[in-house]
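**Student:** Residue numbers (the working numbering): 28 to 356. All residues carry an ideal CB built from backbone N, CA and C; glycine is no exception.
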Amino acid sequence: MTVHRMEPLSALIASLRAHPNVAEKLNILQAYAPSLPVSGGIEVGDDAAAIPDGNGYLLFAAEGMMEAFIEKDPWFAGYSAVMVNLSDVAAMGGIPTAVVDVMWTHTASPIAAQIWEGMRAASMAYGVPIVGGHTTRFPIERTPLLAAAVVGRAQSLISSFDARPGDALMMAVDLRGAYRWEGSLCWNASVNSPPQRLQTDLRLLSELANEGLVTAGKDISNGGVPGTLAMLLATSQCGATLNLDTIPMSPGVDMLHWLVSFPSYGYLLSVRPEKAAEVRAKFQSRDIACEVIGEITPSEADASSHPITMQWHGSTALFTHITPAPHPM
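1. Less than 7 Å between the CB of Arg169 and some heavy atom of the ligand FMN, yes or no?
2. Report the three-state DSSP secondary structure of Gly105 (helix, strand or coil).
3. Could you tell me the alpha carbon to alpha carbon distance between Ala199 and Asn215, rounded to whole angstroms?
4. What does the Cβ neighbour count give for Phe165, buried or exposed, with the cut at 16 atoms within 10 Å?
5. What residue range does the beta strand (DSSP E) around Gln338 cover?
6. Taking DSSP as the reference, what is the three-state secondary structure of Glu70?
7. Hey, Ala261 and Thr350: beta-carbon distance below 8 Å or not?
8. Looking at Glu98: is its Cβ nearer than 8 Å to the Cβ of Pro171?
9. List the DSSP bridge partners of Asp228.
10. Any contact of the region 319-328 with the region 232-240, i.e. 3+ C-beta pairs under 8 Å?
11. Using 8 Å as the Cβ pair cut-off and three pairs as the minimum, do the region 65-81 and the region 247-264 touch?
12. Determine the DSSP secondary structure at Val30, reduced to helix, strand or coil.
13. Return the first residue and the last residue of the beta strand (DSSP E) that Tyr18 is part of.
14. Given a threshold of 16 other Cβ atoms within 10 Å of its Cβ, counted over all protein chains shown, does Asp201 qualify as buried or as exposed?
15. Return the chain-ordered list of same chain residues with a C-beta closer than 6 Å to the C-beta of Ile335, the five sequence neighbours on each side being excluded.
16. Considering just the uninterrupted stretch of the beta strand (DSSP E) at Gly193, what are its terminal residues?
17. May I ask you to report which of helix, strand or coil DSSP gives Ser42?
18. Which residues in the same chain have their Cβ closer than 7 Å to the Cβ of Ala148, if we skip the five residues on either side of it in sequence?
19. Ignoring anything shorter than 4 residues, give me the alpha helix (DSSP H) runs that lie fully in the region 205-290, in order along the chain.
20. For a test of the three-state rule: what should DSSP assign to Phe165, helix, strand or coil?
21. With a cut-off of 8 Å on the beta carbons, I'd call Leu39 and Met282 a contact; round off their distance for me.
22. For the beta strand (DSSP E) that contains Glu90, what are its first and last residues?
23. Can you tell me which of the three DSSP states Asp115 falls into?
24. Contact between the region 156-164 and the region 123-137: three or more CB pairs below 8 Å?
25. Enumerate in chain order the residues of its own chain whose CB-to-CB distance from Gly293 is below 8 Å, with the five nearest sequence positions on each side excluded.
26. Quick one: what's got a C-beta closer than 8 Å to Met151's C-beta in the same chain, skipping five residues either side?
27. Rounded C-beta distance between Leu358 and Val178? I'm assuming under 8 Å.
28. How is Glu322 classed by DSSP in three states: helix, strand or coil?
29. Classify Ala135 as helix, strand or coil using the three-state DSSP reduction.
30. I need the straight-line Cα distance from Ala181 to Asp100, nearest angstrom please.
31. Any idea if Ser217 is buried or exposed, counting beta-carbon neighbours within 10 angstroms, 16 or more meaning buried?
32. Are the beta-carbon atoms belonging to Ile185 and Ala139 less than 8 Å from one another?
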């Protein structure tokens with residue numbers, strides 16, 4: 028995936044739209060639809076389900092790991108299964124309580140032990156216990172499968188349904204890392220970090236929520252910045268202008284590669300303009316990069332779609348139109 032840094036914006040947009048991880052997020056409404064009739068009125072499309080319980084919110088999320096990822100790097104797949112779930116809860120303004128896992132592997136495969144080593148490492152690093160789950164060991168060769176789920180709590184929510192036109196679009200990302208392997212899209216700023224720093228950084232989102240500093244947000248998923256932004260806009264039913272020149276990124280990383288990368292700590296936030304400086308200062312006090320990278324804009328006149336416009340090197344072009352997400356029945 029090599030794109031010249033000065034490649035025209037139109038070519039960059041074409042490459043982004045063709046990337047399978049981004050394309051999946053642009054069609055994310057297909058994943059929401061089946062659960063809408065049975066969601067009990069809970070909004071579908073946030074990083075975690077937020078269930079009011081009279082004293083705040085119970086948060087509930089799950090993530091599955093791709094088979095190719097598990098086979099290539101089983102230790103990091105195990106680590107990531109825990110890490111990404113904790114990030115989902117943090118993205119909602121919550122604090123994670125506990126994790127459960129689901130794992131299917133071949134009886135004779137060493138992968139199960141490596142996955143567990145990674146999950147244990149993440150559990151200890153973030154201080155969140157793994158309290159059970161489901162394990163199946165097959166006597167015949169098969170592709171390993173791994174998923175995990177998390178519960179947590181929040182007093183105040185950061186929801187992906189609440190971005191408003193006029194909000195500043197901000198990106199916070201921990202740049203103190205490196206790609207896990209050559210060609211990887213996993214920007215790892217977690218494995219070698221001190222546990223206390225990881226835990227304090229994760230709680231920062233809860234502080235922002237409780238102080239009312241953030242309107243909406245999502246953690247940056249494997250759809251990268253454009254895929255995550257598309258999901259945020261679908262649920263908030265807004266558009267956005269994204270200025271690629273202001274995106275915080277590691278020096279020397281190609282723009283296309285960075286935009287589709289999955290950072291171990293990365294969030295897109297919708298913030299009222301007058302609060303942007305305070306939000307930036309909160310992250311920067313933790314040595315986490317945070318910048319305004321655009322603006323939330325109104326939907327089109329008939330509210331049938333929401334445009335994402337990109338700016339780069341003085342050029343402006345339409346990236347895509349987002350279809351609004353339906354609400355529970």
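**Tutor:** On the basis of the supplied data:
1. For the structure depicted, the ligand FMN is absent and the ligand set is empty, with no information on it obtainable.
2. Gly105: helix per DSSP, three-state reduction.
3. The alpha-carbon atoms of Ala199 and Asn215 are separated by roughly 15 Å.
4. exposed
5. That run of the beta strand (DSSP E) goes 333-339.
6. coil
7. yes
8. The answer is yes: Cβ separation under 8 Å.
9. Paired residues: none, contrary to the question.
10. Touching, no.
11. yes
12. Because Val30 sits at a pLDDT of 45, beneath the cut-off of 50, its placement in the model cannot be relied upon, and the following sentence gives the value as read from the coordinates. The answer is coil: DSSP assigns Val30 none of H, G, I, E or B.
13. Limits of the chain in this structure are 28 at one end and 356 at the other, which puts residue 18 out of reach.
14. buried
15. Apart from the 5 residues on each side of it in sequence, Ile335 sits with its Cβ closer than 6 Å to the Cβ of Ala267, Phe346, Thr347 in its chain, given in chain order.
16. Here Gly193 belongs to no beta strand (DSSP E), and DSSP marks it neither H nor E.
17. helix
18. Tyr106
19. DSSP runs (the alpha helix (DSSP H)) wholly in the region 205-290: 222-237, 251-263, 282-286.
20. DSSP, reduced to helix, strand and coil, places Phe165 within a strand of the structure shown.
21. 7 Å
22. 84-92
23. helix
24. yes
25. Met198, Ala199, Val200, Asp201, Trp214, Asp246, Ile247
26. Pro222
27. Outside the displayed span of the chain (28 to 356) sits residue 358, for which this structure offers no information.
28. Note: Glu322 maps to strand in three-state DSSP.
29. If DSSP states are grouped into helix, strand and coil, Ala135 belongs with coil.
30. 33 Å
31. buried
32. no
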